[in-house]
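Undergrad: Chains as they are written, first to last, in our numbering: chain H, 1 to 192; chain B, 193 to 384. Cβ atoms here follow ideal geometry from the backbone N, Cα and C, with glycine treated the same way. Please read these numbers as outputs of a predicted model, since none were measured by experiment. If you scroll down you'll find the structure; I have some questions about it.
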């Protein structure tokens with residue numbers, strides 16, 4: 001048997017989120033997740049160190065895509081235009097599975113303090129990654145921090161709206177994150 | 193012996209931060225913290241459920257002060273003026289002990305993922321508390337979220353500058369959080 005199982009990672013995530021929804025996070029074991037996915041426990045551990053990491057394992061991938069999008073934005077792009085490019089880069093990588101899992105993942109996270117903490121640190125890490133990518137473009141530190149926070153907020157708001165929208169809608173995630181960033185930019189002129 | 197020990201809470205925090213700095217968070221036990229503070233373990237548990245909570249126990253107090261400051265800001269205050277009032281309210285409650293402990297607490301948090309996660313959730317909670325207080329004043333949701341994030345960022349930046357400044361400086365924390373908020377407001381006009 002090959003060590004590499006096609007689609008194994010995604011199957012494990014789907015199985016875990018199903019089980020967390022059905023019986024709660026605490027009551028779910030790695031063995032149950034593997035069984036539901038039709039895989040062995042040792043296959044699980046080739047992808048994730050534990051069930052906790054599973055829910056947030058996409059973080060580094062997402063951060064990497066954001067940073068790449070920001071880095072390759074045109075040299076004359078404003079800080080927020082660069083953030084918009086980062087959001088497009090990460091949004092384009094997310095498809096129907098992510099859309100469907102979103103609300104269930106959020107429910108699992110909302111029900112468990114340990115997961116909330118892990119998720120909060122994930123957000124901090126993603127905002128920091130955006131900030132560093134902007135500083136690398138020559139953006140001043142405070143402006144970069146603010147733009148990083150706006151980018152993270154736009155990602156969260158856009159992702160929530162996308163997964164709550166009518167599933168037959170043609171709009172992809174990039175549409176929603178871009179609209180959220182525009183809304184935040186408009187809101188910043190109303191801060192006083 | 194009275195169950196209430198004057199200054200016990202603060203002594204426990206100071207002792208814990210000293211021990212975390214000297215020997216690391218993982219190696220420090222509740223018994224050691226209590227001993228260093230000249231108190232018993234059972235006194236420790238009257239104030240904190242465990243050593244992890246100790247570092248972030250001030251969160252609810254801080255959130256409460258911010259919310260109160262935002263709530264009592266003049267009716268015609270802009271969202272950011274209300275946030276500034278919240279920051280003043282929380283900053284005025286912090287004195288020399290907080291200033292001195294700040295850098296050591298940050299070092300302890302930076303050295304431990306578990307504490308980073310707890311701290312990240314604390315920041316999320318404080319930003320959410322500010323957002324809710326603004327929504328209660330009639331501020332639109334997106335504007336309130338943005339103002340809440342700005343307030344949290346200003347609090348962190350201001351606190352860091354305060355604890356790193358020359359200790360003989362006359363400026364209190366409110367000076368630094370207010371300057372940080374002004375800087376963020378100026379930065380928001382450079383986002384593009």
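1) Could you give the distance in angstroms between the alpha-carbon of residue 143 (chain H) and the alpha-carbon of residue 375 (chain B)?
2) Output, in chain order, the set of chain H residues within a Cβ distance shorter than 8 Å of residue 271 (chain B).
3) Note the first and the last residue of the continuous alpha helix (DSSP H) segment covering residue 372 (chain B).
4) Cα-Cα, which of B:266, B:216, B:284 and B:250 is closest to residue 364 (chain B)?
5) Give every residue of the same chain whose Cβ lies closer than 7 Å to the Cβ of residue 129 (chain H), excluding the five residues on either side of it in the sequence, and list them in chain order.
6) Just the Cα atoms here: how many angstroms apart are residue 148 (chain H) and residue 83 (chain H)?
7) Which class does residue 47 (chain H) belong to by DSSP, given the choice of helix, strand or coil?
8) Give the secondary structure of residue 159 (chain H) by DSSP, where H, G and I count as helix, E and B as strand, and everything else as coil.
9) Report the rounded CA-to-CA distance for residue 100 (chain H) versus residue 106 (chain H), giving the unit in angstroms.
10) How about residue 88 (chain H) and residue 69 (chain H): are their beta carbons less than 8 Å apart?
11) Spell out whether any CB of chain B is found under 8 Å from the CB atom of residue 124 (chain H).
12) So, residue 225 (chain B) versus residue 211 (chain B), is the Cβ gap smaller than 8 Å?
13) Can you confirm whether residue 23 (chain H), when its beta carbon is compared against all beta carbons of chain B, has any partner nearer than 8 Å?
14) For residue 45 (chain H), is the classification buried or exposed, using 16 other Cβ atoms within 10 angstroms of its Cβ as the cut-off for buried?
15) Less than 8 Å between CB atoms is the rule here; does residue 228 (chain B) satisfy it with respect to chain H?
16) Can you list the residues of chain B that residue 143 (chain H) reaches, using a CB-CB cut of under 7 Å?
17) Could you please tell me which residues of the stretch 251-277 of chain B, in chain order, have their CB closer than 7 Å to any CB of chain H?
18) Terminal residues of the continuous alpha helix (DSSP H) containing residue 203 (chain B)?
19) My output table needs one value for residue 191 (chain H): the three-state DSSP class, helix, strand or coil.
20) Could you check whether the Cβ of residue 137 (chain H) sits closer than 8 Å to any Cβ belonging to chain B?
21) Measure from the C-beta of residue 99 (chain H) to each C-beta in chain B and report whether the shortest distance is under 8 Å.
22) Can you say whether residue 233 (chain B) is buried or exposed, counting buried as having 16 or more other CB atoms within 10 angstroms of its CB?
23) Classify residue 360 (chain B): buried if its beta carbon has 16 or more other beta carbons within 10 angstroms, exposed otherwise.
24) Report the residues of the stretch 103-130 of chain H with a CB closer than 9 Å to any CB of chain B, ordered along the chain.
25) Name the chain B residues whose beta carbon is nearer than 8 Å to that of residue 146 (chain H)?
26) Please report the residue range of the alpha helix (DSSP H) in which residue 281 (chain B) lies.
27) If you draw a straight line from the alpha carbon of residue 98 (chain H) to that of residue 337 (chain B), how long is it in whole angstroms?
28) Using C-beta distances below 7 Å, list every residue in its chain close to residue 265 (chain B), excluding the 5 sequence neighbours before and after it, in chain order.
29) Classify residue 143 (chain H) as helix, strand or coil using the three-state DSSP reduction.
30) If you draw a straight line from the alpha carbon of residue 325 (chain B) to that of residue 110 (chain H), how long is it in whole angstroms?
31) Which of the three DSSP states is assigned to residue 259 (chain B) in this structure?
32) On a Cα-Cα basis, can you pick out the residue from H:164, H:60, H:159 and H:122 that is closest to residue 174 (chain H)?
33) Between residue 1 (chain H) and chain B, is any beta-carbon pair separated by less than 8 Å?
34) Just reading off the alpha helix (DSSP H) that residue 311 (chain B) is part of, what are its end residues?
35) In terms of residues, what are the limits of the alpha helix (DSSP H) holding residue 302 (chain B)?
TA: By the coordinates alone:
1) As a first step, residue 143 (chain H) is located in the first chain; it is residue number 143 there, counting from the start. As a first step, residue 375 (chain B) is located in the second chain; it is residue number 183 there, counting from the start. Rounded to whole angstroms, residue 143 (chain H) and residue 375 (chain B) show a C-alpha spacing of 9 Å.
2) The residue you call residue 271 (chain B) lines up with position 79 of the second chain. Those within 8 Å of residue 271 (chain B) in chain H are 190, 191 and 192.
3) Residue 372 (chain B) sits at position 180 when you count from the first residue of the second chain. Looking at the DSSP string, the run of the alpha helix (DSSP H) that includes residue 372 (chain B) is 365-380.
4) Taking the first residue of the second chain as 1, we reach residue 364 (chain B) at position 172. Among B:266, B:216, B:284 and B:250, the Cα nearest to that of residue 364 (chain B) is on B:284.
5) Locating residue 129 (chain H) in the first chain gives position 129, where the first residue counts as 1. For residue 129 (chain H), where only same-chain residues beyond five positions count, the Cβ hits under 7 Å are 63, 66 and 67.
6) Counting from one through the first chain, the residue named residue 148 (chain H) turns up at place 148. Counting from one through the first chain, the residue named residue 83 (chain H) turns up at place 83. Each residue's alpha carbon lies about 7 Å from the other.
7) Numbered from 1 along the first chain, position 47 holds the residue referred to as residue 47 (chain H). Here residue 47 (chain H) sits in helix by DSSP.
8) Indexing the first chain from 1 puts residue 159 (chain H) at position 159. Reduced to three states, the DSSP call for residue 159 (chain H) is helix.
9) Against the first chain, residue 100 (chain H) aligns to sequence position 100. Against the first chain, residue 106 (chain H) aligns to sequence position 106. If I take the Cα positions, the gap works out to 11 Å.
10) Locating residue 88 (chain H) in the first chain gives position 88, counting from the first residue. Locating residue 69 (chain H) in the first chain gives position 69, counting from the first residue. Yes. Within cutoff.
11) Residue mapping note: residue 124 (chain H) aligns to position 124 of the first chain, counting from 1. So, interface residue.
12) Within the second chain, numbered from 1, the residue matching residue 225 (chain B) stands at position 33. Within the second chain, numbered from 1, the residue matching residue 211 (chain B) stands at position 19. Cβ distance < 8 Å, so residue 225 (chain B) and residue 211 (chain B) count as in contact.
13) The residue labelled residue 23 (chain H) in the question sits at position 23 within the first chain. For residue 23 (chain H), the answer is no, since every Cβ of chain B falls outside 8 Å of its Cβ.
14) Sequence index remark: in the first chain, residue 45 (chain H) carries index 45 (1-based). Answer is exposed; the Cβ neighbour count stays below 16.
15) As a working note, residue 228 (chain B) is residue 36 in the second chain. Taking Cβ atoms only, chain H never reaches closer than 8 Å to residue 228 (chain B), which makes this a no.
16) Here residue 143 (chain H) corresponds to residue number 143 of the first chain, with the count starting at 1. Those within 7 Å of residue 143 (chain H) in chain B are 379, 382 and 383.
17) Against chain H - using a Cβ distance shorter than 7 Å - the residues of the stretch 251-277 of chain B are 270, 271, 272 and 273.
18) In the second chain, the residue the question calls residue 203 (chain B) occupies position 11. Element bounds for residue 203 (chain B): 200-215.
19) Position 191 of the first chain, counting from 1, holds the residue named residue 191 (chain H). Residue 191 (chain H) falls in the coil class under three-state DSSP.
20) Working through the first chain from its first residue, we reach residue 137 (chain H) at position 137. By this cut-off, residue 137 (chain H) is not an interface position.
21) As a working note, residue 99 (chain H) is residue 99 in the first chain. Closer than 8 Å: no.
22) To locate residue 233 (chain B), count along the second chain from 1; it is residue 41. Its Cβ having fewer than 16 others within 10 Å, residue 233 (chain B) is exposed.
23) Here residue 360 (chain B) corresponds to residue number 168 of the second chain, with the count starting at 1. So residue 360 (chain B) ends up on the exposed side.
24) Only 113, 114, 116, 117, 118, 119, 120, 121, 122, 123, 124 and 125 from the stretch 103-130 of chain H bring a Cβ to less than 9 Å from some Cβ of chain B.
25) Along the first chain, one-based indexing puts residue 146 (chain H) at 146. Under the 8 Å cutoff, chain B gives 342, 345, 376, 379, 380 and 383.
26) Walking along the second chain from the start, residue 281 (chain B) turns up at place 89. 271-283 is the span of the alpha helix (DSSP H), which, as asked, contains residue 281 (chain B).
27) One-based indexing of the first chain puts residue 98 (chain H) at position 98. One-based indexing of the second chain puts residue 337 (chain B) at position 145. Rounded to whole angstroms, residue 98 (chain H) to residue 337 (chain B) spans 25 Å at the Cα level.
28) Residue mapping note: residue 265 (chain B) aligns to position 73 of the second chain, counting from 1. Cβ neighbours of residue 265 (chain B) beyond the five flanking positions: 273, 274 and 277.
29) By one-based count along the first chain, residue 143 (chain H) stands at place 143. Residue 143 (chain H): helix per DSSP, three-state reduction.
30) Sequence index remark: in the second chain, residue 325 (chain B) carries index 133 (1-based). Sequence index remark: in the first chain, residue 110 (chain H) carries index 110 (1-based). Each residue's alpha carbon lies about 21 Å from the other.
31) Residue numbering aside, residue 259 (chain B) sits at position 67 when the second chain is read from its first letter. Residue 259 (chain B) falls in the helix class under three-state DSSP.
32) By 1-based counting over the first chain, the position of residue 174 (chain H) is 174. Residue 174 (chain H) has its Cα closest to that of H:159, out of H:164, H:60, H:159 and H:122.
33) In the first chain, residue 1 (chain H) corresponds to position 1, counting from 1. With a pLDDT of 44 at residue 1 (chain H), under the threshold of 50, the predicted position of this residue should be treated as unreliable, and no value is reported.
34) The residue labelled residue 311 (chain B) in the question sits at position 119 within the second chain. In the DSSP assignment, residue 311 (chain B) falls within the unbroken alpha helix (DSSP H) covering 305-328.
35) As a first step, residue 302 (chain B) is located in the second chain; it is residue number 110 there, counting from the start. Per DSSP, residue 302 (chain B) is one residue of the alpha helix (DSSP H) stretching across 288-302.
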